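Below: one structure, written as structure tokens.
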Amino acid sequence: MNKRPHSQLWFCLTGCVFGTVLIGAMIMLLIWYLLFHFQVITVNPIEQHIPLVVILPGSAVVGSCITWLVGRLIIRPIQGISHAFERLSQGDFSVRVPTDSRVVEIREMSEQFNAMVYDLSHIETLRNDFVVNVSHEFKTPIAAIEGYATLLQMDGISKERHDYYVEKIIANSRQLSTLSSNILALSKLENQETVLHRREYRLDEQLRRAVLLLENKWAAKSIEFDIDLPNDTFNGNEQLLDQVWSNLLDNAIKHSPEGGIIQVTLLPGSTSVTVTVTDHGDGMPEEVQKHIFEKFYQGDQSRSSEGNGLGLALVKRIVELCHGSVEVNSAPGEGATFRVNLPREP
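Going by numbering that gives the first Met the number 0, the first residue of the sequence shown is number 0, and it counts up by one from there.
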């Protein structure tokens with residue numbers, strides 16, 4: 000990349016340095032003359048041309064050395080950072096600046112610039128991935144709706160086929176609606192720094208309601224629940240935590256086999272409360288567990304039509320806002336246990 004000269008900066012520095020050096024030389028001459036005038040010394044500076052010949056070139060040499068040194072230590076690093084900002088504004092997130100400057104302030108500025116570029120590059124990657132994933136997630140149900148709607152226009156289709164196509168259109172429409180709601184909810188939560196509207200409520204009753212609200216799903220698979228929910232009063236945002244429990248339970252139902260058992264336990268403590276949801280499905284390998292809370296990630300592609308990969312991302316973000324933690328323990332063929340730990344508010 001061709002660097003444009005910063006002549007004004009160099010001109011100002013050169014002018015300041017040479018002006019300072021020449022003024023210093025003039026002051027020295029003035030002191031010399033005053034000392035001669037008051038007969039402290041006997042050499043007249045006006046009559047002696049050798050000091051002038053020595054001082055003026057010497058001032059030029061000293062000024063040049065100071066200008067070169069200051070320019071090397073300060074101006075060149077500033078120019079480098081300026082060029083780096085220019086490349087960054089053009090979308091080049093690979094740009095870095097040296098961090099070996101001897102000037103502490105320049106070195107700290109360079110380190111902070113590199114850290115900023117690193118964070119921006121990751122944000123840009125996440126943004127691009129988010130756009131691609133959202134486009135894909137919207138495209139799939141929209142294409143399905145269009146396909147089934149086209150089939151409905153065919154003459155002579157049976158009532159069974161008609162009802163089947165309508166059912167598929169409704170299911171894909173609901174998937175679109177859920178996807179839109181989850182994207183909006185996640186976007187709002189990612190720009191939120193704290194949990195508001197806290198109040199005391201029965202956490203055990205909330206978990207029971209969450210199970211009952213999903214009855215149509217677990218009843219269709221003949222799933223049974225093993226529930227251990229002692230009475231517990233918790234101070235938190237009930238609406239946000241509703242999303243945590245419903246997403247964890249929905250995930251457990253989706254991965255449980257026909258006739259399976261889901262265990263839901265509540266362990267109250269003096270400083271925190273722990274909720275675990277365990278299914279006995281296929282489980283997941285360690286590689287899947289590393290990404291399970293990422294947006295749009297779906298480890299089991301065979302069930303991709305049953306969700307959009309945002310449920311567990313919502314769970315993680317809400318728990319983080321509550322200053323809690325969520326973790327998963329699983330192994331292939333051994334099911335999965337999600338454990339949520341929430342601190343109690345003082």
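Glycine is no exception: its CB is placed at the ideal position from the N, C-alpha and C atoms. Quantities reported herein were computed from a predicted structural model and do not represent experimental measurements.
Classification of L309 by the beta-carbon crowding that lies within 10 angstroms, buried from 16 upward: The count along the sequence shown starts at 1 and reaches residue 309 at position 310. Per the 10 Å Cβ criterion, buried.
Give the secondary structure of E333 by DSSP, where H, G and I count as helix, E and B as strand, and everything else as coil. By one-based count along the sequence shown, residue 333 stands at place 334. Here E333 sits in coil by DSSP.
V327 versus G90, P284, A83, residue with shortest Cα-Cα distance: Your numbering for residue 327 matches position 328 in the sequence shown. Here the closest residue by C-alpha is P284.
Taking only runs that begin and end inside the stretch 191–235, name each unbroken beta strand (DSSP E) of 3 or more residues, in chain order. Along the length of the stretch 191–235, whole beta strand (DSSP E) runs at least 3 residues long occupy 198–201, 223–227, 232–235, reported in chain order.
Rounded C-beta distance between I222 and G259? I'm assuming under 8 Å. Stepping through the sequence shown from its first residue, residue 222 is reached at position 223. Stepping through the sequence shown from its first residue, residue 259 is reached at position 260. About 5 Å; that satisfies the 8 Å criterion.
Can at least three beta-carbon pairs, one atom from the stretch 275–282 and one from the stretch 325–342, be found at a separation below 8 Å? yes
So, at 7 Å on beta carbons, what are the nonlocal neighbours of S255 in its own chain, with the 5 sequence-adjacent residues on each side left out? Here residue 255 refers to the residue found at position 256 of the sequence shown. So the qualifying residues of the chain are K220, I222, I261, D278, H279, G280.
Helix, strand or coil for E326, going by three-state DSSP, please let me know. Within the sequence shown, numbered from 1, the residue matching residue 326 stands at position 327. The answer is strand: DSSP assigns E326 an E or B state.
Bridge partners of Q262, per DSSP? Taking the first residue of the sequence shown as position 1, residue 262 is located at position 263. D225, T277, per the DSSP bridge assignment.
Spatial neighbours of A209 within its chain, please: C-beta separation below 8 Å, excluding the five flanking residues on both sides. The count along the sequence shown starts at 1 and reaches residue 209 at position 210. Here the set comprises D241, W244, S245, L248.
Buried or exposed (CB count within 10 angstroms, at least 16 for buried), L367: With the chain covering only 0 through 345, there is no way to say anything about residue 367.
Assigned secondary structure, R101 (DSSP; H/G/I helix, E/B strand, else coil): As a working note, residue 101 is residue 102 in the sequence shown. In this structure, R101 counts as coil in the three-state DSSP scheme.
Residue from F112, L87, F224, R75 whose Cα sits closest to the Cα of L211: By 1-based counting over the sequence shown, the position of residue 211 is 212. Taking only the C-alpha atoms, the option nearest L211 is F224.
Can you list, in chain order, the residues of its chain whose CB lies under 6 Å from that of P76, leaving out five sequence neighbours each side? Translated into positions along the sequence shown, residue 76 becomes position 77. Within the same chain, P76 has close Cβ partners S100, I105.
Do L175 and P229 have their C-beta atoms within less than 8 Å of each other? In the sequence shown, residue 175 corresponds to position 176, counting from 1. In the sequence shown, residue 229 corresponds to position 230, counting from 1. No, they are not a contact pair.
According to DSSP, what are the bridge partners of R86? Residue 86 sits at position 87 when you count from the first residue of the sequence shown. Answer is none; R86 lacks a bridge partner.
P76 - DSSP class collapsed to helix/strand/coil: As a working mapping, residue 76 is identified with position 77 in the sequence shown. Residue state, collapsed to three classes: helix.
Based on the DSSP secondary-structure assignment, which residues constitute the bridge partners of L271? For the purposes of this step, residue 271 is identified with residue 272 of the sequence shown, where counting begins at 1. At residue 271 the sequence reads Ser, which differs from the Leu that was named. Paired residue(s): P342.
Please state whether DSSP places E293 in a helix, a strand or coil. The residue you call residue 293 lines up with position 294 of the sequence shown. Of the three classes helix, strand and coil, the one that applies to E293 here is coil, per DSSP.
Measuring straight from C-alpha to C-alpha, what distance separates F292 and V339? Counting from 1 along the sequence shown, the entry for residue 292 is found at position 293. Counting from 1 along the sequence shown, the entry for residue 339 is found at position 340. Rounded to the nearest angstrom, the two C-alpha atoms are 13 Å apart.
By a C-beta neighbour count over all protein chains shown, 10 Å radius and 16 as the cutoff for buried, is L313 buried or exposed? Working through the sequence shown from its first residue, we reach residue 313 at position 314. Classification of L313: buried, given that the 10 Å Cβ count is 16 or more.
Can you give me the start and stop residues for the alpha helix (DSSP H) that Q38 sits inside? Within the sequence shown, numbered from 1, the residue matching residue 38 stands at position 39. Counting along the chain, Q38 falls outside any alpha helix (DSSP H), and DSSP gives it neither H nor E.
Residue of K289, C321, N250, G155 minimising C-alpha distance to V272: One-based indexing of the sequence shown puts residue 272 at position 273. Comparing Cα-Cα distances from V272 to each of K289, C321, N250, G155, the minimum goes to C321.
I need the DSSP call for S172, collapsed to helix, strand or coil. Along the sequence shown, one-based indexing puts residue 172 at 173. Helix.
Alpha carbon to alpha carbon, what distance is there between E159 and S303? By 1-based counting over the sequence shown, the position of residue 303 is 304. By 1-based counting over the sequence shown, the position of residue 159 is 160. Confidence at S303 is low in this model, with a pLDDT of 46, below 50, so the placement of that residue is unreliable and no value is reported for it.
For L309, which three-state DSSP category applies? Reading the sequence shown from its first residue, position 310 is the one you call residue 309. Three-state result, L309: coil.
If I follow the unbroken alpha helix (DSSP H) through V243, where does it start and stop? Locating residue 243 in the sequence shown gives position 244, counting from the first residue. Here the alpha helix (DSSP H) through V243 covers 237–254.
On a CA-only basis, which of K138, R343, A142 is nearest Y200? Give me that one, please. Numbered from its first residue, the sequence shown carries residue 200 at position 201. Checking every option, the nearest Cα to that of Y200 belongs to R343.
If I measure Cβ to Cβ from H196 and keep anything under 7 Å in the same chain, skipping five residues before and after, which residues do I get? Your numbering for residue 196 matches position 197 in the sequence shown. N236.
Can you list, in chain order, the residues of its chain with a C-beta nearer than 6 Å to that of N171? Leave out the 5 residues immediately preceding and following it. For the purposes of this step, residue 171 is taken as the residue at position 172 of the sequence shown. Once the five neighbours on either side are set aside, the close Cβ partners of N171 are P140, A143, I144.
Measure the Cβ-Cβ separation of A148 and I168 and say whether it is below 8 Å. Counting from one through the sequence shown, the residue named residue 148 turns up at place 149. Counting from one through the sequence shown, the residue named residue 168 turns up at place 169. Yes.
Apart from the five residues just before and just after I80, which ones in its own chain have a Cβ nearer than 8 Å to its Cβ? Here residue 80 is taken as the residue at index 81 of the sequence shown, counted from 1. Listed in chain order, the non-local C-beta contacts of I80 below 8 Å within the same chain comprise V96, M108, S109, F112, local neighbours out to five positions each way being set aside.
In whole angstroms, give me the CA-to-CA distance for Y164 and G155. For the purposes of this step, residue 164 is taken as the residue at position 165 of the sequence shown. For the purposes of this step, residue 155 is taken as the residue at position 156 of the sequence shown. Going by the C-alpha atoms only, they are around 14 Å apart.
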